[in-house]
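In my numbering, the protein residues as written are -6 to 235.
Glycine is no exception: its CB is placed at the ideal position from the N, C-alpha and C atoms.
In this text the structure is predicted, and so the values were computed from the model without any measurement.
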């Protein structure tokens, strides 16, 4: 079981050589609150790991509980089973809009991104393993852990759960309109602005083997039409472009 103490939301993460901000530092942050905001807005990450000399980037679901990020998969997965033997990099990215400027050079993307480094550990404590799986389930589908059948012993034995401490990380964000509004390109008479990118939950689709009138539970039905993550300012175009 983890003995880490949850970091206060206002704390600054310790800067390491890997997380030091070198380019566009004004867009970066080491605030724990900023990291938490990016992680809370999604459920899909990319795990970068090197196994037997080959670097692989694996898209996978994640869950957060306190100071730990949890990943899971089959015990036969080499990327998971061998990850504790090496440093990994986990990224979480949200694309909020395409920045379409007057010049191609000034085009860009409004985004929120977190990058986390560390050596994960395989969770062996039964209580923490269940806690990690609950975090993974609730991250993407709040309320589903209590609604659905929980894992059996056989299923738990076939599942590897990794825990990565949220101690070495950095965040970068960009938002707002193009930067060339006051440049000589402003006289070109071209449209410029932001094309928002939004991921929205659709209407639940009932399993065809169920009766047609079998309604989804409230915790699922209520998410239809809601935006995943969203922009911190409530504007998918981004409120401020630094």
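Skipping 5 residues on each side, what residues in its chain have a beta carbon closer than 6 Å to that of residue 130? For the purposes of this step, residue 130 is taken as the residue at position 137 of the chain shown. If you ignore the 5 residues before and after residue 130, its C-beta comes within less than 6 Å of the C-beta of 137 and 138, all in its own chain and listed in chain order.
So, with DSSP's three-state summary, where would you put residue 148? Counting from one through the chain shown, the residue named residue 148 turns up at place 155. Of the three classes helix, strand and coil, the one that applies to residue 148 here is helix, per DSSP.
message: So, at 7 Å on beta carbons, what are the nonlocal neighbours of residue 57 in its own chain, with the 5 sequence-adjacent residues on each side left out?
response: Start at 1 with the first residue of the chain shown, and residue 57 comes out as number 64. Only 32, 128 and 132 meet the Cβ criterion.
Using the Cα positions of residue 96 and residue 178, report the straight-line distance between them to the nearest angstrom.
Reading the chain shown from its first residue, position 103 is the one you call residue 96. Reading the chain shown from its first residue, position 185 is the one you call residue 178. Distance from the CA atom of residue 96 to the CA atom of residue 178, rounded to whole angstroms, is 7 Å.
I'd like to know whether the C-beta atoms of residue 164 and residue 28 end up nearer to each other than 7 Å. The residue you call residue 164 lines up with position 171 of the chain shown. The residue you call residue 28 lines up with position 35 of the chain shown. Contact: yes.
**Request:** Would you decide whether residue 107 is buried or exposed? Buried here means 16 or more other CB atoms lie within 10 Å of its CB.
**Result:** One-based indexing of the chain shown puts residue 107 at position 114. With 16 or more Cβ atoms within 10 Å of its Cβ, residue 107 is classed as buried.
### Message
Taking its Cβ as the centre, do 16 or more other Cβ atoms sit within 10 Å of residue 220, making it buried, or is it exposed?
### Response
Mapped onto the chain shown, residue 220 falls at position 227. Under this definition residue 220 is an exposed residue.
* **Continuous beta strand (DSSP E) stretch holding residue 67: start and end** => Within the chain shown, numbered from 1, the residue matching residue 67 stands at position 74. Membership of residue 67 in the beta strand (DSSP E) is indicated by the continuous run 61 to 67.
Exercise for the section: Could you pull out every residue in the same chain whose Cβ sits closer than 8 Å to the Cβ of residue 43, ignoring the five residues on either side in sequence? Expected result: Numbered from its first residue, the chain shown carries residue 43 at position 50. The beta carbon of residue 43 sits closer than 8 Å to those of 49 and 79, all from its chain and outside the five residues before and after it, given in chain order.
Same chain, Cβ closer than 7 Å to residue 252, five either side skipped, listed in chain order:
Nothing can be reported for residue 252: it is not among the residues displayed for the chain, which extend from -6 to 235.
Item to complete: Give, in chain order, every unbroken run of the beta strand (DSSP E) that is at least 3 residues long and sits entirely within the segment 85 to 110.
Response: Qualifying beta strand (DSSP E) stretches: none in this window.
Find out if the Cβ-Cβ distance for the pair residue 84, residue 39 is shorter than 7 Å. The residue you call residue 84 lines up with position 91 of the chain shown. The residue you call residue 39 lines up with position 46 of the chain shown. Taking a C-beta distance under 7 Å as the contact criterion, residue 84 and residue 39 qualify as a contact pair.
Review point. Once you ignore the five residues that flank residue -1 on each side, which residues in its own chain have a CB closer than 8 Å to its CB?
Key: One-based indexing of the chain shown puts residue -1 at position 6. With a pLDDT of 42 at residue -1, under the threshold of 50, the modelled position of this residue cannot be trusted, and the question is left open.
Leaving out five residues on either side along the sequence, give the residues of the same chain with a beta carbon under 6 Å from the beta carbon of residue 174.
Taking the first residue of the chain shown as 1, we reach residue 174 at position 181. Counting only Cβ-Cβ distances below 6 Å, and skipping sequence neighbours, we find nothing.
| said: Just to confirm before moving on: does the CB-CB distance between residue 90 and residue 187 stay below 7 Å? | reply: For the purposes of this step, residue 90 is taken as residue 97 along the chain shown, with counting starting at 1. For the purposes of this step, residue 187 is taken as residue 194 along the chain shown, with counting starting at 1. Closer than 7 Å, so yes.
Discussion item. I need the straight-line Cα distance from residue 5 to residue 63, nearest angstrom please.
Written reply: Position 12 of the chain shown holds residue 5. Position 70 of the chain shown holds residue 63. In this structure, the straight-line span from the alpha carbon of residue 5 to that of residue 63 is close to 21 Å.
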